[in-house]
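Under our numbering, the first residue of the sequence shown is numbered -13, with each subsequent residue one higher. All remarks here apply to the structure that follows.
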Amino acid sequence: MKFTHLFLMFCALFPGLTNASESVDGSLDLTAHWVGFASLVVFVVAYVSVIMEEKLDLHKSKPVLLSAGLIWVMIALVYQHYNLGDQVHNAVSHHFLEYSELFFFLLVAMTYINAMLDRGIFEALRHWLVSKGFSYRQLFWLTGAMAFFISPIADNLTTALIMCAVILSVGAEKPRFIATACVGIVIAANAGGAFSPFGDITTLMVWQKGIIQFNDFFSLFVPSLVNYLVPASIMSFFIEKGVPSANESGEHIVKHGGYGIVILFLLT
C-alpha cells in the first residue's frame, strides 16, 4: 500500500514520465517514459554485474536473462495499458524467431568444435607446435597468425583458448612471455573474426539480419589484418629471445573420424 501511494505521488509530480506517445508506425515512444529510464537502469546494473562476474561469483548469463525478462515485462505492461497487446505478441514472436535461428546455428557450430576437441584435433595441433622447437618469438607469431585465420571459421573465444593452451604449455616458466603472447592471441582472434560472419557473435547477428551480405565481410580482411599486425609488431619487441625446452615426447594420434569431422565442418 505504501508503495502504491509513493508511485501515485510520483506520477502526479512527473506526469510526463507516465505518458507514452505513439510513433508513426503505431508503436509507443517510451524514450521519455519511466519505463524507458527504468530499462536503462536495469541494463546498466546487468552490465556492471557481468563485468564483476568473478567478484560476485555470479555467472554472467543470470543477470543478463533476468534484466532482459524485466525489460520485456515492463514494456509489455505499458503496451497492455494502451490496449496494444498484439504488438507485444508480434514483437516477442519476431525476436524469439531470430534468437532461435542464432541459437541453433551456434549449437551446430559448437557441436563441431566439441567433436574436434574430443577427437584430438586441437591437441594434435598443440603437440605439433610444442614439439617443433620454435623460439619464443616464432611461437608468438605462429599462434597469433593461426588465431587470426582460425577465428573466422570457429568462434574467437574457442580459438583464443586453444592457442593460449599452447602458450601455457611451452612458456610455463616465462610469465612475461605468457602474458604478452596471450594478449597477442586475443587481439588476433578478435581481428580475424571481423572479416567473417562466423568469427564473432556480433558479425553473426549482423549477417543473420541481412544488414551485410556474406561476401561483403571479406572486404574487411585488409583492415582486420592491419588491426592485428600493428599491435603485434609492437609487442614482438618485448618477446624475449631463446627457445623453450621441450616438455613432451612422443606423437599425438588423432582419434578415428577426426579429420572427417574437420572436412564436414568446413563444408557446413
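C-beta: ideal position from N, C-alpha, C; glycine also.
Secondary structure at D202: helix, using DSSP grouped into helix, strand and coil.
Rounded to whole angstroms, the separation of the alpha carbons of F181 and A133 is 13 Å. Residue nearest to A218 within the set G243, V172, L250 and I198 is V172 (criterion: CA-CA distance).
A straight line joining the alpha-carbon of K41 with that of S35 spans about 9 Å.
Non-local C-beta neighbours of H242 in its own chain, meaning closer than 6 Å and more than five positions away in sequence, are absent. Counting along the chain, E109 sits inside the alpha helix (DSSP H) bounded by residues I107 to S117.
With a contact defined as Cβ atoms closer than 8 Å, I220 and F163 miss out at about 16 Å. Note that the C-beta distance between S137 and G179 is below 9 Å. Per the coordinates, the alpha-carbon of A131 lies some 7 Å from the alpha-carbon of A174. In the three-state scheme derived from DSSP, where H, G and I count as helix and E and B as strand, A77 is classed as helix. Between the stretch 54 to 65 and the stretch 22 to 33 there are three or more inter-stretch CB-CB distances shorter than 8 Å, so the stretches are counted as touching. Counting only the Cα atoms, V169 lies some 19 Å from L115. Proximity of the stretch 108 to 124 to the stretch 146 to 154 meets the contact definition, three or more beta-carbon pairs being nearer than 8 Å.
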